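Number of protein chains: 2
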Amino acid sequence: MTLTSPGPTVGVVGGGQLGRMLGEAAAPLGLELLVTDPTPDCPAAPVVRDQIVGDFDEAATLRELAERADYLTFEIELADPDVLERVAEETGTPVHPAPETLRTIQDKLVQKRRLSDAGVPVPEFRAVDTADDLREACEELGYPAMLKARTGGYDGRGNIRVEGPEDVADAFDEIAGPAMVEAMVDFERELAVMGCRGADERDTFPVTETIHREEILRESVAPARASRAVRERARDVAHDVFDVMEGRGVFGIELFETTDGEILLNEIAPRPHNSGHWTIEGCHTSQFEQHLRAVTGQPLGSTDQRFPTVSTNILGDVSERQPAELRGEDSVLGTPRAHLHWYGKLEVYGLRKMGHVTLTDDDRDGLLADARDLRDGLTFE
Amino acid sequence: MTLTSPGPTVGVVGGGQLGRMLGEAAAPLGLELLVTDPTPDCPAAPVVRDQIVGDFDEAATLRELAERADYLTFEIELADPDVLERVAEETGTPVHPAPETLRTIQDKLVQKRRLSDAGVPVPEFRAVDTADDLREACEELGYPAMLKARTGGYDGRGNIRVEGPEDVADAFDEIAGPAMVEAMVDFERELAVMGCRGADERDTFPVTETIHREEILRESVAPARASRAVRERARDVAHDVFDVMEGRGVFGIELFETTDGEILLNEIAPRPHNSGHWTIEGCHTSQFEQHLRAVTGQPLGSTDQRFPTVSTNILGDVSERQPAELRGEDSVLGTPRAHLHWYGKLEVYGLRKMGHVTLTDDDRDGLLADARDLRDGLTFE
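Protein sequence lines, in the order shown, are assigned to chains A and B. full-length UniProt numbering puts the first residue of the first sequence at 1, with every later residue one more than the last. full-length UniProt numbering puts the first residue of the second sequence at 1, with every later residue one more than the last.
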């Protein structure tokens, strides 16, 4: 390939923190980024060539994006696969990953069915269209079970734990739409693997341990504190997932390590993922650079790990929506090998992802505790 | 300090590759960058909030920059210190490093006198106002000697080697202005140290070996292949240089290691420097992040080295000015631990700095040869 100036333009649907970190990774590669996001002055705006203000599913917006770009991709699952597909066809601008993949993943039931059909181990699940379906499924799978809206959920939204028969009616009412229910997994820990599919390569990043609370990711530990055998199994499962995905790009693959050492697939995100933010410092190639390499058909970079790494999210700790003012950042900036990543969101609210802190060291002992200490010194109050 | 959105804005005089790499470093810290550069669509433009098109010494341009920024800095010595000083005073926006430092450095004779007065070892030098001055100085210092224009030179421009008495008249005519002459240094190798002065900290990055040809930097090797004692002496000299500099920021300090193991200061750049580009991958904090931390008064980051690192410049290899089209980048992208940095310049000409490639490894053996091989596979022809 030939590198030119201005370089190829990658149009990104979504300009949140993922778009911002894609922007940070684009310039060294000679790529220009253009994002579309409904929020004027979105997090990506200051570090990309331009933002088109518009909805993720608005045909005119996506067409403008496609016309001004050489490649299309998305950093948010809310992108409309039908519109993306049509716009790509009309403009000739390729979309990666394929809209078909997005369509599969947007519907959690379809996602699980396709993965299961491909031989990927998943928790037992059932489709749920009525409260009776839910009751029947729970009796088969056992209580508690996890009821999930088929579409639109993220960071635990759209998921409801059904503790017993008395919860069934309320849970079904609350989900208010097509759903699926899964057997609750008794897990030792949660793991994640970032996979990447290039033009004719497949690779995975080292297995990450993900620690959630209230279903929101708090910390990522890499390498995961799981046995070598479990980590190998996790990477194998991630490789099996490739068969379900079409098109190029990185995929976030969330897994359970069960108490008996099995790996079960939880969910997939067809884009860079929070559990891979640590790769910016922790690997020779970050998930963001890797995604851009893949989308533009360049060779993939090395996914080897540089050193043990923990990253921890900076979440909103306020009860009311208010202008974002973070106190305590000096302690992060003053700590050797700690790296601040601020997303530039104008307002903070409870549990909103506002940034993250990554800490590296030559060994993993104490790293998680140190990273938590750093994060706990930060507040928006 | 409190981190807000939008974050503090740093106004940068100059939007070349240094401005571009400052832009890449700014977003994670929550800083916004605004640059001014006379070339529309300068290298920094795609990765910063905005570019003000205007000359480096134009008062109206710098005033607009100062009015829209919380801090001012510069990535090019052509910034006018008088205008910067006046604008800073009028708008209350602080400039780092201090314009006084820029003034000192812009005049190579003043620079050398101040450094010498501060006890920094420098090659013997004399002021040259007439051809007779030059002849007399050369007789004292010995032939060959290096005649240097006091102002305006860079990358070897403005430097003329005076081989013998027969060259004196022509050399003086060619320089056409106030000059100085230096004893030619018999050096073992050239070294560089990036120094950084924060709000109340001083630190230096590991000593780099710099390899020039035709007075243009080709490769940087870190750590330098010099003895530990020499490297320590180089860092000590860099610390002495701090006493001559006012204000905060990083400084590129170019040194000679003489054949008898002494360190002599060659030149200073009051800004991030080509010899420090390797720090992006090679150190826990890059020179660009460090500069932004310093300018905004944040704690400095760790300057510890991650692993042995070599960077090599991608220079124009064409004889005529033409649109920039680089062939061979795939081999760089396909090499594990090689990192491409493209500057986004629209046109290439002979020896123009178009980008650089950084290669890291766990030991230094073979790294320079491998980096050269990678670079030699790139061409604009």
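Ideal Cβ positions, reconstructed from N, Cα and C, are used throughout, including at glycine. These numbers were taken from a predicted model, which means no experiment stands behind them.
Check: Is it a yes or a no for the stretch 87-96 of chain B touching the stretch 62-73 of chain B, going by three-plus beta-carbon pairs under 8 Å?; Outcome: yes
Check: Counting C-beta neighbours from all protein chains within 10 Å, is the total for residue 190(B) 16 or more, i.e. buried, or is it exposed?; Outcome: buried
Check: Does the beta carbon of residue 385(B) sit closer than 7 Å to a beta carbon anywhere in chain A?; Outcome: Residue 385(B) is absent from the structure shown; chain B starts at 1 and stops at 381.
Check: Is the Cβ of residue 326(A) closer than 7 Å to any Cβ of chain B?; Outcome: yes
Check: Does any C-beta atom of chain B lie closer than 7 Å to the C-beta of residue 345(A)?; Outcome: yes
Check: Could you tell me which chain B residues have their CB closer than 7 Å to the CB of residue 1(A), listed as they occur along the chain?; Outcome: 329, 330
Check: Alpha carbon to alpha carbon, what distance is there between residue 110(A) and residue 32(A)?; Outcome: 34 Å
Check: So what does DSSP say about residue 37(A), is it helix, strand or coil?; Outcome: strand
Check: Classify residue 227(B) as buried or exposed, calling it buried when 16 or more other Cβ atoms lie within 10 Å of its own Cβ.; Outcome: exposed
Check: Using a Cβ distance threshold of 8 Å, determine whether the stretch 285-292 of chain A contacts the stretch 241-252 of chain A, with at least three qualifying pairs required.; Outcome: yes
Check: So with CB distances below 7 Å, who are the chain B contacts of residue 352(A)?; Outcome: Going along chain B, no residue has its Cβ under 7 Å from residue 352(A), so there is no contact; the nearest lies around 12 Å.
Check: Using CA coordinates, which residue listed in 319(B), 232(B), 330(B) is at the minimum distance from residue 262(B)?; Outcome: 232(B)
Check: 7 Å is my cut-off, CB to CB: does residue 302(B) come that close to chain A?; Outcome: yes
Check: Would you say the stretch 136-144 of chain A touches the stretch 193-202 of chain A, given that touching needs at least three Cβ pairs under 8 Å?; Outcome: no
Check: What does residue 5(B) touch in chain A if you count any residue whose Cβ is under 7 Å from its own?; Outcome: 324, 344, 345, 346
Check: Can you find a CB in chain B that lies within less than 7 Å of the CB of residue 32(A)?; Outcome: yes
Check: Taking residue 287(A) as the query, report the chain B residues whose CB atoms sit under 8 Å from its CB, ordered along the chain.; Outcome: Under the 8 Å cutoff, chain B gives no residues; its nearest Cβ is about 15 Å from residue 287(A).
Check: Please work out which residues of its chain come closer than 8 Å, Cβ to Cβ, to residue 302(A), disregarding the five sequence neighbours upstream and downstream, and give them in chain order.; Outcome: 283, 284, 285
Check: Take residue 56(A) and list the residues in its own chain whose beta-carbon comes closer than 6 Å to its own, dropping the five residues that flank it on each side.; Outcome: 13, 78, 79
Check: Grab me the residues of residue 161(A)'s own chain with a C-beta within less than 7 Å of its C-beta, minus the 5 sequence neighbours each way, in chain order.; Outcome: 144, 146
Check: Under a three-way DSSP split, which group does residue 27(B) fall into?; Outcome: helix
Check: Sorted by chain position, which residues of the same chain lie with C-beta nearer than 6 Å to residue 220(B)'s C-beta, five sequence neighbours on each side aside?; Outcome: 208, 210, 275, 278, 311
Check: Spell out whether any CB of chain A is found under 7 Å from the CB atom of residue 47(B).; Outcome: yes
Check: Considering only residues of the same chain and omitting the five flanking positions on each side of residue 223(A), which have a CB-CB separation below 6 Å?; Outcome: 206
Check: Going by C-alpha to C-alpha distance, which of 359(A), 178(A), 23(A), 36(A) sits closest to residue 331(A)?; Outcome: 359(A)
Check: Hey, which unbroken runs of the alpha helix (DSSP H) at 4 residues or more fall wholly within the stretch 302-347 of chain B?; Outcome: 329-333
Check: Within the same chain, show all residues whose beta-carbon is closer than 8 Å to that of residue 377(B), passing over the 5 residues directly before and after it, in chain order.; Outcome: 328, 331, 332
Check: Between residue 17(B) and the rest of its own chain, which residues show a CB-CB distance below 6 Å, the 5 nearest in sequence each way excluded?; Outcome: 43, 343
Check: Leaving out five residues before and five after residue 5(B) in sequence, what residues of the same chain have Cβ atoms less than 8 Å from its Cβ?; Outcome: 30
Check: May I have the straight-line CA-CA distance separating residue 256(A) from residue 122(A), to the nearest angstrom?; Outcome: 9 Å
Check: Please identify the residue among 158(A), 266(A), 11(A) whose C-alpha is closest to the C-alpha of residue 115(A).; Outcome: 266(A)
Check: Does residue 336(A) get closer than 7 Å to chain B when you measure Cβ to Cβ?; Outcome: yes
Check: For residue 234(A), collect the residues of the same chain with a Cβ closer than 6 Å to its Cβ; drop the 5 residues on either side in sequence, then sort them by chain order.; Outcome: 191, 193, 207, 255, 263
Check: Taking only beta-carbon positions, decide if residue 284(B) is within less than 7 Å of chain A.; Outcome: yes
Check: Looking at C-alpha atoms only, which residue of 373(B), 188(B), 27(B), 165(B) is the closest neighbour of residue 19(A)?; Outcome: 27(B)
Check: Could you check the C-alpha separation between residue 118(B) and residue 244(B) for me, to the nearest Å?; Outcome: 7 Å
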